[in-house]
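Engineer: Below is one structure. I have some questions about it.
There are 2 protein chains.
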Amino acid sequence: MSKDRNRVPPDARPRATMREVARSAAVSLGTVSRVINNKQSVRAEVRARVQAAMANLGYVPDAVAQSMRTQATRSVGCMVSDVSNQLFSRAVSAAEGVLHRSAYTMILTNSQDSKEREIEILSLFRRRRVDGVICSVSREDDPEIVGLLGGLGLPVVLLERTMDLGVDAVATDHRSGAYQAASYLLTLGHRRIGLITVSQDALPGRERARGFEKAHGERKVPVDPALMAFHGFSADYGYRTAYEFLTSRHPPTALIAGANQMVGALKAVRALKLSIPRDLSLISFGDTDVTELFSPPLTCVRWDPAATGQMAAEVLLSRLDGTARKGPLRMALPAELVLRQSCAPSPG
Amino acid sequence: MSKDRNRVPPDARPRATMREVARSAAVSLGTVSRVINNKQSVRAEVRARVQAAMANLGYVPDAVAQSMRTQATRSVGCMVSDVSNQLFSRAVSAAEGVLHRSAYTMILTNSQDSKEREIEILSLFRRRRVDGVICSVSREDDPEIVGLLGGLGLPVVLLERTMDLGVDAVATDHRSGAYQAASYLLTLGHRRIGLITVSQDALPGRERARGFEKAHGERKVPVDPALMAFHGFSADYGYRTAYEFLTSRHPPTALIAGANQMVGALKAVRALKLSIPRDLSLISFGDTDVTELFSPPLTCVRWDPAATGQMAAEVLLSRLDGTARKGPLRMALPAELVLRQSCAPSPG
DNA sequence: ATGAAAGCGCTAACAG
DNA sequence: CTGTTAGCGCTTTCAT
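Residue numbers (the working numbering), protein chains in the order written: chain A, 67 to 414; chain B, 67 to 414.
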C-alpha cells in the first residue's frame, strides 16, 4: 500500500478509456475510434462532442492497446556499441529526430560490441515487436548475428556496416577518405605511414585499409603490415600503438589514426616530445574539437555522422511506409580531406 | 502486395503464439504462461515439454500483449535536450546500461530544449505508458511542464535539474565546483573573473553562479555582472562572449567557461593571440579531450556524467520496485578541481 | 498441478 | 454516418 504512494500519486485516477469517452459523448466505441484516427465521415457535430468528452476526461489513447490491435508499434530499435561515442551519439540523435517527426519512437540500446549482448538485444527487439531496426553490429560476418537480423523479418538498416543479407545500409565512404589521406602524405614524400584504425570485422576499418593500400599501390610504395593496427577503438589503444610505432627501429614519418585513437596518439607524441609536423605528420579520421584546437591544428578526414543517422532513419521510414525502391539500398556518404597544419614533407 | 515484399521477407511465418505452444505441448494456456514466467509449481516433465515446444516453434513472448495485460511496459522514457551532447550521451549511455540489466527498455527522445517538444514528448510518454521517466527539462519553473510531469502519475527522476514537485533528482554539485574554481583564481590574485555558463533557468547554471558569487563574497571581492554570461550553450556563444569580454575596456584576467563554450573561447583566445596563462587564466567546467590536450593543458572542474546517469537509473529502479525510501531523493554527486597549467597569478 | 474463461483497450469489419 | 461485435496475445483468478 504505502509503497504505492511513490509509484502513483494519490490523486492519480485510472486513465480514461475509449469506452468512457463513448459513454460521456453518448456515441459508440467505433465513433470514438474514428475521431481518434481522423477516419472517414463523422458528422462535425458528433466529432466535436467526442473531442470535448476526450478533453474533459483527459483521455489519452493507449498506445499499447493500439499496438496490440494493429500489430504495429511505431517503434524502432536502435543498437550501437555505445552512444557515448561522439560518432554514434550524433548519428543516433539525428536518427531520433527524423523518426520522431514521423511519429516513431526510438528504443536505444548499447551493445558494447559484445556478441552476447547483441544477441540479447536483437531478441529484445523481437519481443518488443519493433517495426524496424537501425543498427551497427560488431562483426558483419558473424553467422549467428546475420541469422538473427534476417530472422527478424522486418526492415533493417545497417549503420556504417554492410552485409550480404539484402538489407539496407548507410555508410560513409571511408575508403575514399583513407585514400585521400594516404595519397596526400605520399605526395609529401612519406614512405612509412602508420595506420591506426578499427577492426577489420566491420566496414570502416576494412574500407580505410583498402583506401590506404590503394593509394600506396598506385604509387608503387610498399605497405608495411607492421605499421597497420586494427585491434582497438580506444584512446588508450591509440596511445600504446603510437608509442610502439614511434619508438620502433623503423618508425613511421606520418600517422593516420581514428579520432578516438588520435587522442591517445597525441599523448604519445607529447610524451615523446615530438614536434608536429616537423618530426611526424598527423592525419585524423574524423573532425573533432581536438583536431581543430590542437597545436598545430590537425589535418583530418571529415564526414558527417549526423547525416548517416538521418539517412538511415529516412531509408528505414521509406521501407516502413512502402515507398522504398525494390532492392536493398546501399548509400555512401562522402568524406573529404581538410588540410590544416599537421603535415609536412617527409624529412627523408 | 509487392510493397510488402520489402517489409516482411517472403519466408516470414507469422510468429507463434502461446496458444500454438499450448496445443503443441498438449497443455493449457495457463500452463504455458506459468512456464514463461517461472511461476509456481509446474511438473518438471510438463515444463520440459512446454519448453521444447517453445524452442521448436521459435516462440517469443509478445511484450505488447504482456503489457496490455499487466499494465506495465517495462520501458522508461528518457528526455534530454540532445544526446549528441557529450554530457548527456554519457549519462544516457550509463542509464541505459543500468535499466537494461533490470530488463527495462529505454525510449530516447531529444527535446532540443524546446518547450513545445517537451510537451509533446511528455504526452508521448504517457500514450506509450512508460513505467517511469528520466529527464532534463529546459526550464524547471515552467508551470505547464511541471504540471505535465506531475500529471504523469509515475516515478520521475530529474537529471541535473530540481523541482518542487516531490520528484527525485540527481545532479552534480556544480556550486561546489564553481566555488572551488573561483576560489582558486581569487587566491591567485585575480579580481576580474569572467563566467560563461548555461541558463539560469536550470540548476547547473544557477548553482555555478551561486558558487562563483560565494567565493567572491567570502573574499569581499565584488562580482561584475557584466562578466557573467548565461545565454548560450554553444561553442559559438562561447566564442562571441569571450571575444567581447577580452576586447572590452575592462577585460577579465581569468575566465571560467563550460566545456562546450570553452571550445569557442579557445578560438577567441587564438584569434586574439593571447598567451595562456600569461595573458589570461582559464578554467573549464567539465573535463574533455580538449581540456587535456590543449596547450597548455587546462585546469578544470571535473565530475562524472556517467555517474549521474547511472544514479538516476538506479533511483528510478528503486521507485519502480518499491524499495525506495519515502520522500523524494535528492542526490548530489561531487565535482573536483583538477589543477593543470592554464592558470597563473594575476599580473595585476 | 493444471484447465477454463474473462478480459486489458483498442480497431476493423460488417450491419444498418 | 454510426453502432455492434469479434478478437489481437497474454495473465490471472477460480475451479478442479
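Every residue gets a Cβ at the ideal spot worked out from N, C-alpha and C, and that includes glycine.
Nearest-angstrom Cα distance between B/L254 and B/A157?
Structural biologist: 34 Å
Engineer: Note the first and the last residue of the continuous alpha helix (DSSP H) segment covering A/A401.
Structural biologist: Here A/A401 belongs to no alpha helix (DSSP H), and DSSP marks it neither H nor E.
Engineer: Measure the alpha-carbon distance for B/I262 versus B/S204 and round it to whole angstroms.
Structural biologist: The alpha-carbon of B/I262 is positioned some 18 Å away from that of B/S204.
Engineer: Of all the alpha helix (DSSP H) runs that stay within the bounds of the segment 263–333 of chain B, which reach a length of 4 or more residues?
Structural biologist: 269–284, 301–313
Engineer: Taking contact to mean 3 or more Cβ pairs, one atom from each stretch, closer than 8 Å, check whether the segment 299–318 of chain B and the segment 279–289 of chain B are in contact.
Structural biologist: no
Engineer: Residues of chain B with a CB under 8 Å from the CB of A/F299: which are they?
Structural biologist: Result: empty, since nearest Cβ-Cβ is about 15 Å, beyond 8 Å.
Engineer: At a CB distance below 7 Å, what residues from the segment 155–182 of chain B approach chain A? Give them in sequence order.
Structural biologist: S155, R156, V158, S159, E162, G163, H166, T171, M172, I173, L174, T175, N176
Engineer: Helix or strand or just coil, what does DSSP make of A/L220?
Structural biologist: coil
Engineer: Quick one: which chain A residues come within Cβ less than 7 Å of B/F311?
Structural biologist: Those do not exist, as B/F311 stays about 19 Å from chain A at its closest Cβ, beyond 7 Å.
Engineer: Does the beta-carbon of A/G388 have 16 or more other beta-carbons within 10 angstroms, so that it is buried, or is it exposed?
Structural biologist: exposed
Engineer: Tell me whether B/V87 sits in a helix, a strand or coil according to DSSP, three-state version.
Structural biologist: helix
Engineer: Taking the alpha-carbon of B/T238 as reference, which of B/I211, B/S202, B/V98 has the nearest alpha-carbon?
Structural biologist: B/S202
Engineer: Tell me the DSSP bridge mates of B/I259?
Structural biologist: B/A320.
Engineer: Taking all protein chains shown into account, decide if A/N103 is buried (16 or more other Cβ within 10 angstroms of its Cβ) or exposed.
Structural biologist: exposed
Engineer: Would you identify the three-state DSSP class for B/M229, choosing helix, strand or coil?
Structural biologist: coil
Engineer: Mapping DSSP to helix, strand and coil, what is A/R71?
Structural biologist: Residue placement at A/R71 is poorly supported in this model, since its pLDDT is 33, which falls under 50; the coordinates are not used for a value here.
Engineer: So B/S159 and A/V149 are supposed to be a Cβ contact under 8 Å. How far apart are they, rounded?
Structural biologist: 5 Å
Engineer: Does B/D302 get closer than 8 Å to chain A when you measure Cβ to Cβ?
Structural biologist: no
Engineer: At which residues does the alpha helix (DSSP H) containing A/G243 begin and terminate?
Structural biologist: For A/G243, the enclosing alpha helix (DSSP H) covers residues 240–253.
Engineer: Is it the case that the Cβ atoms of B/A323 and B/G298 are separated by a distance below 8 Å?
Structural biologist: Contact: no.
Engineer: Kindly say whether B/M67, judged by its beta-carbon, lies nearer than 8 Å to any beta-carbon of chain A.
Structural biologist: Residue confidence is low: B/M67 scores 32 on pLDDT, short of 50, so the model does not pin down where it sits. No coordinate-derived value is stated.
Engineer: Taking buried to mean at least 16 other C-beta atoms within 10 Å of its own C-beta, is A/E206 buried or exposed?
Structural biologist: buried
Engineer: Given this structure, state the Cα-to-Cα distance separating A/L386 from A/I200, to the nearest angstrom.
Structural biologist: 12 Å
Engineer: With 8 Å set as the bound, which would you pick, yes or no: does the beta-carbon of B/L338 sit closer than that to a beta-carbon of chain A?
Structural biologist: no
Engineer: By DSSP, does B/I211 sit in helix, in strand, or in coil?
Structural biologist: helix
Engineer: Which chain B residues sit within Cβ distance under 7 Å of A/M134?
Structural biologist: What A/M134 touches in chain B: V130, A131, M134.
Engineer: For B/I319 and chain A, any beta-carbon pair shorter than 8 Å?
Structural biologist: The question names Ile, but residue 319 of chain B in the sequence shown is Thr. Not one chain A Cβ lies under 8 Å of B/T319.
Engineer: For B/T307, would you say it is in contact with chain A, using Cβ-to-Cβ distances shorter than 8 Å as the test?
Structural biologist: no
Engineer: Could you tell me the boundaries of the alpha helix (DSSP H) in which B/G96 lies?
Structural biologist: Per DSSP, B/G96 is one residue of the alpha helix (DSSP H) stretching across 95–102.
Engineer: Cβ closer than 8 Å: which chain B residues qualify as neighbours of A/R193?
Structural biologist: V126, P127, D128, A129
Engineer: Compare the Cα-Cα distances from B/L225 to each of B/Q117, B/I342, B/A378 and report the closest residue.
Structural biologist: B/A378
Engineer: Is there a C-beta anywhere in chain B that falls below 8 Å from the one on A/F360?
Structural biologist: yes
Engineer: Report the residue from A/E358, A/L382, A/V381, A/T354 whose alpha carbon sits nearest the alpha carbon of A/A371.
Structural biologist: One point to set straight first is that residue 371 of chain A is Pro, not Ala, in the sequence displayed. For A/P371, the nearest C-alpha among the options comes from A/T354.
Engineer: When DSSP builds the beta bridges, which residues end up paired with A/R396?
Structural biologist: A/A235
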